[in-house]
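**Student:** Just so we're aligned, residue 38 is where the sequence shown starts under the numbering used here, counting upward by one.
Before we start, here is the structure in question, set down as structure tokens.
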Amino acid sequence: MYREFHWDDVKRALQSDMSWSWMLLSFPFGIMAQVFRALRWRQALAPLGEKPRLHTCINAVFISYASSLVVPRVGEMLRCGILRRWERTNFSKGIGTVVAERVIDSTLVIMLALITAACQIPVFMNFFAKTGVSLKGFLGTFTTTGYLVTILSVILILCTVVFLVWRLNFFSRTRAVLADLKDGLFSVRYVQSPFLFLFNSVGIWVCYYLHFYLTFYCFQYTASLGAMAALVAFVVGCFAVLVPTPNGAGPWHFAVKTVLVLYGVNQMDGAMFVLVVHTIQTLLVAALGLYGVSALSLTKKKS
């Protein structure tokens, strides 16, 4: 993607071609997305009898995102560990709430993707054509026998796990852990204010979108594309980051650049945009993580 890229152009873009005012204006939304996540997480923990301090939750989320830049997906476990150490919360219940959060986030992203796709069907069709992505072609690689073997294998694995967990005395402690996980997973059903929980959930993704959308105004070639083009790129980028790379690096670049090209942006300009935006936003995540570590070092642990 960057094989024929002139790196001197990056320096020029950062020094003169890019509007730093718009980039800096996008930062508060990137920060608030993580704050909303901490607020929602704290709310999900409340029905379990856990009452961690808000600033600890925020710093734990900051650190979790930054740590995932080094080892993808490790942040979710780490933030539960931080609360366990500083707030004496139950680790397994914390993991359960994180899983529940991910289910809710996935549901919201899928709903957003469906709405966006319905509004921009031609763009998505062109995207699939250019990237070679075809659900029909993917599913066509599986035969009837393949489906049956896959289903039977999943059932066999589940039955084996259930047998080991519930029948062997060695897993007596595991049953308690699974019970805590279950409590955490279903804690969202008992949150004190469902409307506030929904507000925090939507707030996360609105802030993520604005954090991305405002960067369109940093460059002349993306400033006129509009909110819908940014939404399409945002949705496609959300699915691209599912690939376990640091902050989605690589898949996100390719996916978002492809969308920009579909909207008429030059290939090199699109590559420049995704490189600069992703790098700066990643540095913001890292900076917040460092802040979280510093703040926690000054935070007294609950006894």
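Backbone N, C-alpha and C fix where the C-beta goes; we use that ideal spot for every residue, glycine too.
Mark W289 as exposed unless 16 or more other C-beta atoms lie within 10 angstroms of its C-beta, in which case mark it buried.
**Tutor:** Buried, by the Cβ-count rule.
**Student:** Taking the C-alpha atoms as reference points, what is the distance between A149 and S340?
**Tutor:** Looking at the sequence shown, residue 149 is not Ala but Leu. Cα to Cα, L149 sits roughly 43 Å from S340.
**Student:** Keeping to the same chain, check which residues put their C-beta closer than 6 Å to that of G326; ignore five residues upstream and five downstream.
**Tutor:** Excluding sequence neighbours, G326 sits near F99, I100 and A103.
**Student:** Whether or not the segment 72–91 and the segment 257–265 are in contact is what I'm after, with contact meaning three or more pairs of Cβ atoms, one per stretch, closer than 8 Å; do they touch?
**Tutor:** The segment 257–265 is not in contact with the segment 72–91.
**Student:** For Y246, which of G301, V273, N303 and D220 has the nearest alpha-carbon?
**Tutor:** The shortest C-alpha separation from Y246 is found at V273.
**Student:** Report yes if the C-beta distance between C255 and M55 is below 8 Å; otherwise report no.
**Tutor:** Taking 8 Å as the Cβ cut-off, C255 and M55 qualify as a contacting pair.
**Student:** Between H248 and the rest of its own chain, which residues show a CB-CB distance below 6 Å, the 5 nearest in sequence each way excluded?
**Tutor:** Answer for H248: S63, F66 and G67, listed in chain order.
**Student:** Identify, in the order they occur along the chain, each residue of the same chain with its Cβ nearer than 8 Å to the Cβ of R122, setting aside the five sequence neighbours on each side.
**Tutor:** Taken in chain order, the residues that qualify are K338.
**Student:** Classify K294 as buried or exposed, calling it buried when 16 or more other Cβ atoms lie within 10 Å of its own Cβ.
**Tutor:** Counting Cβ neighbours within 10 Å, K294 comes out buried, since at least 16 surround it.
**Student:** Would DSSP call F256 helix, strand or coil?
**Tutor:** Correct three-state label for F256: coil.
**Student:** When we look at the beta-carbon of I188 and count the other beta-carbons within 10 Å, is it buried (16 or more) or exposed?
**Tutor:** Per the 10 Å Cβ criterion, exposed.
**Student:** Do you know offhand how far A154's Cα is from Q80's?
**Tutor:** Cα-Cα distance, rounded: 32 Å.
**Student:** Return yes when the Cβ of V298 is within less than 8 Å of the Cβ of T252, no when it is not.
**Tutor:** No.
**Student:** Could you pull out every residue in the same chain whose Cβ sits closer than 6 Å to the Cβ of L115, ignoring the five residues on either side in sequence?
**Tutor:** These residues qualify, in order along the chain: S101 and S104.
**Student:** Applying the 10 Å Cβ sphere with the 16-neighbour rule, what's the burial state of F271?
**Tutor:** Burial call: buried.
**Student:** Identify whether P283 lies in helix, strand or coil by the three-state DSSP scheme.
**Tutor:** P283: helix per DSSP, three-state reduction.
**Student:** In terms of alpha-carbon separation, which member of L61, L193, R77 and R49 lies closest to S238?
**Tutor:** With distances taken between Cα atoms, S238 lies closest to R77.
**Student:** Please classify L312: is it buried, with 16 or more other beta-carbons within 10 angstroms of its beta-carbon, or exposed?
**Tutor:** Buried, because 16 or more other Cβ atoms sit within 10 Å of the Cβ of L312.
**Student:** In this structure, how does DSSP classify E87 when only helix, strand and coil are distinguished?
**Tutor:** Coil at E87, not helix or strand.
**Student:** L106 to Y328, Cα distance in whole Å?
**Tutor:** When rounded, the distance between both Cα atoms is 15 Å.
**Student:** Do you know offhand how far P84's Cα is from V140's?
**Tutor:** Using only the alpha carbons, I get a separation of about 18 Å.
**Student:** May I ask which residues mark the beginning and end of the alpha helix (DSSP H) holding A70?
**Tutor:** W57 to L82 is the span of the alpha helix (DSSP H), which, as asked, contains A70.
**Student:** Would you tell me roughly how many angstroms separate the C-alpha atoms of S230 and S143, rounded to the nearest one?
**Tutor:** Near 21 Å, if we compare the C-alpha coordinates of S143 and S230.
**Student:** Tell me, to the nearest whole angstrom, how far the beta carbon of G221 is from that of T93; I am working on the premise that it is less than 8 Å.
**Tutor:** Actually they are not in contact, since the Cβ atoms of G221 and T93 sit about 17 Å apart, beyond 8 Å.
**Student:** Can you give me the C-alpha to C-alpha distance between I241 and F234, rounded to a whole angstrom?
**Tutor:** When rounded, the distance between both Cα atoms is 11 Å.
**Student:** Exposed or buried, Y250, counting other C-beta atoms within 10 Å across all chains shown (16 or more means buried)?
**Tutor:** So Y250 counts as buried.
**Student:** Smallest Cα separation from R226: which of Q257, R110 and A137?
**Tutor:** Residue A137 is the option with its Cα nearest to R226.
**Student:** Flag this pair as yes or no: are the beta carbons of T282 and P109 separated by less than 8 Å?
**Tutor:** Taking 8 Å as the Cβ cut-off, T282 and P109 qualify as a contacting pair.
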